[in-house]
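Numbering (our numbering), first residue to last: 11 to 249. The C-beta atom is built at its ideal place from N, Cα and C for all residues, glycine as well.
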Ligand code: PGA
């Protein structure tokens, strides 16, 4: 199954949520799993449908408590989510989340019955210095809970410099990093690529060995653009 995840970040509206899900629901192809991660308030705007899975954009590491503004993994589960993104680079950057925080969130997500999509990725300086693999290996070592089976979590490799920038690594570099991540984790774990995935480049990226899907930000807000990415995923899965 190729996994294509729409990360809306803090974008969208109730009207867009309804229209988007209606549009995408009828475009899911065999072999492709689509996951919609809107701002959590929109999860209840649209009735649950089987073809479009749901995910949270983050969860707290605690089960419950005095954490104003936060959402627990169990709440996301109760709202129909199957997945939750943890450790996105925007959370690492703006909320100073550490690998240890992210590991605790992933553990809590799994305990609540969710699959965490654990994000890793180097910044531009590390990329330029040739340290990307080292940075990612350290993030993986710190952010993935111990003793998990490969089906209990998903990794998303998102070079920070590629997010929202229109830049992507070369296909060789994406392939090399995904191979590296597979070696650092477990053979069967799904590794998604994220960072400026669009309809025009999705087909080539999803064809690369070791790329099990995509985490899509900006391009996921336009339903037709997202559907074109789903189409590319269906085609590349058949090769
Ligand atoms: P982008 O974002 O597709 O807009 O680059 C990806 C992400 O941050 O998950």
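Between the region 119-128 and the region 159-168, the count of Cβ pairs shorter than 8 Å is three or higher; the stretches touch. Each residue's CA atom was taken as its position, placing residue 187 and residue 143 some 7 Å apart. Nearest neighbour of residue 14 by Cα position, chosen from 28, 37, 26, turns out to be 37. Near ligand 1, meaning a beta-carbon closer than 6 Å to one of its heavy atoms, we find 17, 168, 173, 174, 204, 205, 206, 207, 225, 226, 227, 228, 229. Under the DSSP assignment, residue 29 falls in the alpha helix (DSSP H) whose first and last residues are 24-35. Assignment of residue 143 by DSSP, reduced to helix, strand and coil, places it in the helix class.
By the C-beta criterion, the region 44-55 is judged to be in contact with the region 14-24, since at least 3 inter-stretch pairs fall below 8 Å.
Beyond the five residues adjoining it in sequence on each side, residue 153 comes within less than 6 Å, by CB distance, of 97, 109, 112, 113, 128 in the same chain, given in chain order. Secondary structure at residue 39: coil, using DSSP grouped into helix, strand and coil.
In the DSSP annotation of this structure, residue 119 is not part of any beta strand (DSSP E); the continuous alpha helix (DSSP H) holding it starts and ends at 109-121.
Non-local C-beta neighbours of residue 21 in its own chain, meaning closer than 7 Å and more than five positions away in sequence, comprise 231, ordered along the chain.
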